[in-house]
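In what follows, a structure is listed as structure tokens, so that the remarks can point back to it.
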Amino acid sequence: MPTIKAGFAVLLKYPNWFSSDGSRAYLITRLDTTSNSSTCSSSSSSSSSSSKSSSSSRSSRIAVVVAVELAVVVLVAALVVIIIVVVVVVVVVVVVVVVVVVVVVALVVVAAVLVAVVVVSIVVK
Numbered sequence: 001m002p003t004i005k006a007g008f009a010v011l012l013k014y015p016n017w018f019s020s021d022g023s024r025a026y027l028i029t030r031l032d033t034t035s036n037s038s039t040c041s042s043s044s045s046s047s048s049s050s051s052k053s054s055s056s057s058r059s060s061r062i063a064v065v066v067a068v069e070l071a072v073v074v075l076v077a078a079l080v081v082i083i084i085v086v087v088v089v090v091v092v093v094v095v096v097v098v099v100v101v102v103v104v105v106a107l108v109v110v111a112a113v114l115v116a117v118v119v120v121s122i123v124v125k
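Every letter in the sequence shown is one number past the one before it in UniProt numbering, and letter 53, counting from 1, is 53.
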């Protein structure tokens, strides 16, 4: 757990560390702004409990953001796996169909040759 808290602290201190486009930094900034405004509008209590609730609220919001991002990554990975499986199944079905067609054509050619041999042998007699 201390590693996760340290990671959140680094993420808050350097929000652009994770993304070059700043989308993650913007989201965390918006969460911080929301957290601070809700803390400011709440009842006035001691500054230490206020800062603790702000910090825990911010940490829990960031944890939700990280959980959502992980869920998206897992869903994308599952989608990629499903696409790969579908492509493999389609390739296998195509190969099986091609093999069946080749075997049927070969049987038709053999049957035609046998019929030709029988017809030629009957005509020659």
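Beta carbons: idealized from backbone N, C-alpha and C, even for Gly.
Sequence-distant residues of its chain with Cβ nearer than 7 angstroms to residue i (five each side left out)
i	result
V104	none
V74	none
K125	none
Neighbourhood of residue i by C-beta distance below 8 angstroms, restricted to the same chain and skipping five residues each side
i	result
S67	One detail in the question is off: residue 67 reads as Ala in this sequence, not Ser. If we look at A67 and ignore the five residues flanking it on each side, it has no Cβ neighbours.
V115	none
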